[in-house]
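Residue numbers (the numbering used here), protein chains in the order written: chain A, 1 to 128; chain B, 129 to 256; chain C, 257 to 384; chain D, 385 to 512.
Where a beta carbon is used, it is the ideal one built from N, C-alpha and C, also for glycine.
Encoded as structure tokens, the structure appears first; notes follow it.
Number of protein chains: 4
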Amino acid sequence: MFQLDLRESKPLYEQIKEKMKELIISAVLKPDERIPSVRELAQTLTINPNTIQKAYKELENEGFIYSVRAKGNFVAPLEQKAIRPRRDELRKELEKIVAELSYLHEPEEQLISTIQAIYQEKEGKKDD
Amino acid sequence: MFQLDLRESKPLYEQIKEKMKELIISAVLKPDERIPSVRELAQTLTINPNTIQKAYKELENEGFIYSVRAKGNFVAPLEQKAIRPRRDELRKELEKIVAELSYLHEPEEQLISTIQAIYQEKEGKKDD
Amino acid sequence: MFQLDLRESKPLYEQIKEKMKELIISAVLKPDERIPSVRELAQTLTINPNTIQKAYKELENEGFIYSVRAKGNFVAPLEQKAIRPRRDELRKELEKIVAELSYLHEPEEQLISTIQAIYQEKEGKKDD
Amino acid sequence: MFQLDLRESKPLYEQIKEKMKELIISAVLKPDERIPSVRELAQTLTINPNTIQKAYKELENEGFIYSVRAKGNFVAPLEQKAIRPRRDELRKELEKIVAELSYLHEPEEQLISTIQAIYQEKEGKKDD
DNA sequence: GTGGTCTAGACCACC
DNA sequence: GTGGTCTAGACCACT
Numbered sequence: 001m002f003q004l005d006l007r008e009s010k011p012l013y014e015q016i017k018e019k020m021k022e023l024i025i026s027a028v029l030k031p032d033e034r035i036p037s038v039r040e041l042a043q044t045l046t047i048n049p050n051t052i053q054k055a056y057k058e059l060e061n062e063g064f065i066y067s068v069r070a071k072g073n074f075v076a077p078l079e080q081k082a083i084r085p086r087r088d089e090l091r092k093e094l095e096k097i098v099a100e101l102s103y104l105h106e107p108e109e110q111l112i113s114t115i116q117a118i119y120q121e122k123e124g125k126k127d128d
Numbered sequence: 129m130f131q132l133d134l135r136e137s138k139p140l141y142e143q144i145k146e147k148m149k150e151l152i153i154s155a156v157l158k159p160d161e162r163i164p165s166v167r168e169l170a171q172t173l174t175i176n177p178n179t180i181q182k183a184y185k186e187l188e189n190e191g192f193i194y195s196v197r198a199k200g201n202f203v204a205p206l207e208q209k210a211i212r213p214r215r216d217e218l219r220k221e222l223e224k225i226v227a228e229l230s231y232l233h234e235p236e237e238q239l240i241s242t243i244q245a246i247y248q249e250k251e252g253k254k255d256d
Numbered sequence: 257m258f259q260l261d262l263r264e265s266k267p268l269y270e271q272i273k274e275k276m277k278e279l280i281i282s283a284v285l286k287p288d289e290r291i292p293s294v295r296e297l298a299q300t301l302t303i304n305p306n307t308i309q310k311a312y313k314e315l316e317n318e319g320f321i322y323s324v325r326a327k328g329n330f331v332a333p334l335e336q337k338a339i340r341p342r343r344d345e346l347r348k349e350l351e352k353i354v355a356e357l358s359y360l361h362e363p364e365e366q367l368i369s370t371i372q373a374i375y376q377e378k379e380g381k382k383d384d
Numbered sequence: 385m386f387q388l389d390l391r392e393s394k395p396l397y398e399q400i401k402e403k404m405k406e407l408i409i410s411a412v413l414k415p416d417e418r419i420p421s422v423r424e425l426a427q428t429l430t431i432n433p434n435t436i437q438k439a440y441k442e443l444e445n446e447g448f449i450y451s452v453r454a455k456g457n458f459v460a461p462l463e464q465k466a467i468r469p470r471r472d473e474l475r476k477e478l479e480k481i482v483a484e485l486s487y488l489h490e491p492e493e494q495l496i497s498t499i500q501a502i503y504q505e506k507e508g509k510k511d512d
């Protein structure tokens, strides 16, 4: 499914969260699709189940997945509630990064075309 | 100069690094301008000098400031060499953020106008 | 493992870095091998853990080791990216030293045979 | 004559020593030639005379210059006494550097031709 | 007075 | 137990 980098300073559970989000955002995992159980994933990644548990718990809090007792964990359909704060957070990060890139003389057009490329790719996925 | 958030989980020295970078990137602090001494800043922020020292050392390693024995620390003029890898890094982060924002239905035009605003502000600063 | 010289003017953490580098370069410590923990080494050298921490952190920044939370520190396998600048740096230092040695009438053949000896020793290690 | 780099972490007096040595080694300054007085050099470099004083004192101890009261400082002709320890020191440094370069896969031939180049250049200077 | 090094001792997150 | 962060307080070299 994905691989972790033990050398990263980032905690393992954060790496798992990030990878999972990428799979959801890129629509590899579709809404209401089942994701691996805590034990399954712990085994394939050969790490402690507690670490997976923590990652899943936070993903649930952020509204990316939901868990059904005795059934498993599933990709959450996009809901309004959890979106706003996360979006604000991301906008702030974006501003910081763009500010630093402009400081480093990255051309403005470059960034704009990057954004356009990402949005167009997303358009394509919709048709799946 | 700026304030720290003790409740934040982010280490103090990282917060200092970040704030300092912002001041440099936004050209509030100009190249070769002196920044507060380790002890001064420690006193005004009421934290330990070692923490400032650590932040300054890393800012130096990353090429944002340079330190002169018995004189103080100064804003480094932008140099060619360290730019490339840092820019690549930032581009990757940007792509991740934009991908997630597009997933959260942030309108493309919003992001583009954000970028344009940041670049125009920078143009203004040039005339100082 | 190695010993420090407290009388030396060189900072302790630099001495540690240097010794560690030697062990890595000479292949006494192999890639992905675990090195002593911060606390272990601090105890055996009877110096403060912070000093070891600092040395290890810099060794990590320079690409010689990597650290894994809650596991320990490990010898980094040689990676392509950080090599070039370091090699350029070393070449310059070498030139200065050779220039001074030639001024002191060190015979050229002496230096060349020194180099050949070092490279042959390295060849031997390869077979391990 | 030469320039100093205030940003270097190396102390100013060491930078002065190094630059001076280079001029002597490269035979820009010939034996028994007069070098700038402490005050002169302090003025042209716009630094404190004490710093120059310290550099000259150490250069004298290492046998590179000699000072004559009320006359000035002069390049020392090469003498036997101070050579041995300095040469041993340099050999050790050379070995360390070559070991690291071999670790970084620098080709052996490269180093040898570097040495040959430096020695040949020196041969040329002899005829001056 | 400045940056830099070091110690002693504490607490936290992670696994 | 491991790496990482932080404080308090000391000392040194440099200018």
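(message) On the criterion of 16 or more Cβ atoms from any shown chain inside 10 Å, does S137/B qualify as buried, or is it exposed?
(response) Sixteen is the threshold: since fewer than 16 other Cβ atoms of the shown chains lie within 10 Å of the Cβ of S137/B, the residue is exposed.
(request) Check whether the Cβ atoms of I225/B and E93/A lie closer than 8 Å to each other. (result) Yes; because the gap between Cβ atoms is below 8 Å, this pair is in contact.
(request) Name, please, each residue of chain A whose Cβ falls closer than 7 Å to the Cβ of Y322/C. (result) Result: R7.
(message) Can you look up V203/B in the DSSP assignment and give me helix, strand or coil?
(response) DSSP, reduced to helix, strand and coil, places V203/B within a strand of the structure shown.
(request) Provide the residue span of the beta strand (DSSP E) that contains I353/C, from first to last. (result) Per DSSP, I353/C belongs to no beta strand (DSSP E); it is in the alpha helix (DSSP H), 339 to 359.
(message) Suppose contacts are defined by Cβ-Cβ distances below 8 Å. Is L101/A in contact with R212/B by that definition?
(response) A distance of 8 Å or more separates the beta carbons of L101/A and R212/B.
(message) Relative to the C-alpha of Q120/A, which candidate in Q248/B, A227/B, A245/B has its C-alpha closest?
(response) It is A227/B.
(request) Using the Cα positions of L390/D and L12/A, report the straight-line distance between them to the nearest angstrom. (result) One Cα belongs to L390/D, the other to L12/A, and the distance between them is close to 42 Å.
(message) Excluding the 5 residues flanking A283/C on each side, which residues of the same chain have their C-beta closer than 6 Å to its C-beta?
(response) Apart from sequence neighbours up to five positions away, the residues of its chain that approach A283/C with a beta-carbon distance below 6 Å are K381, ordered along the chain.
(request) Using a cut-off of 7 Å between C-beta atoms, extract the partners of R162/B located in chain D. (result) Ordered by position in chain D, no residue passes the 7 Å Cβ test against R162/B, which lies about 12 Å from the chain.
(request) Look at the alpha carbon of T428/D and the alpha carbon of R91/A, and state the distance between them as a whole number of angstroms. (result) Their backbone Cα atoms lie some 53 Å apart in a straight line.
(request) Name, please, each residue of chain A whose Cβ falls closer than 7 Å to the Cβ of S230/B. (result) Within 7 Å Cβ-Cβ: I118, Y119, K122.
(message) Give me the chain B residues within the contact set of L111/A, using Cβ-Cβ distance strictly less than 8 Å, ordered along the chain.
(response) Under a criterion of Cβ atoms nearer than 8 Å, the residues of chain B adjacent to L111/A are, in order, L222, I243.
(message) So for R423/D, helix, strand or coil by DSSP?
(response) Here R423/D sits in helix by DSSP.
(message) With a threshold of 8 Å between beta-carbons, can V246/C be considered close to chain D, or not?
(response) Past the edges of chain C, shown from 257 to 384, lies residue 246/C, and the structure says nothing about it.
(request) Count the other C-beta atoms from every protein chain shown that fall within 10 angstroms of the C-beta of Q238/B, then say buried if there are 16 or more, exposed otherwise. (result) That one is exposed.
(message) I need the straight-line Cα distance from F258/C to I291/C, nearest angstrom please.
(response) Distance from the CA atom of F258/C to the CA atom of I291/C, rounded to whole angstroms, is 13 Å.
(request) Determine, using beta carbons only, whether L23/A comes closer than 8 Å to chain B. (result) Using a CB distance cut-off of 8 Å, L23/A does not count as an interface residue toward chain B.
(message) Need the endpoints of the beta strand (DSSP E) that I65/A sits in, please.
(response) Taken as a continuous stretch (DSSP letters only), the beta strand (DSSP E) holding I65/A covers 65 to 68.
(request) Residues of the segment 198 to 217 of chain B with a CB closer than 8 Å to any CB of chain A: list them in chain order, please. (result) Against chain A - using a Cβ distance shorter than 8 Å - the residues of the segment 198 to 217 of chain B are L206, I211, R214, R215.
(message) Counting only C-beta atoms, is A55/A closer than 8 Å to chain B at any point?
(response) Closer than 8 Å: no.
(request) Would you verify that the beta carbon of P11/A is, or is not, closer than 8 Å to some beta carbon of chain C? (result) For P11/A, the answer is yes, since a Cβ of chain C falls inside 8 Å of its Cβ.
(request) Determine the direct distance from the alpha carbon of P491/D to that of A373/C, and round the result to whole angstroms. (result) Those two C-alpha atoms are separated by around 14 Å.
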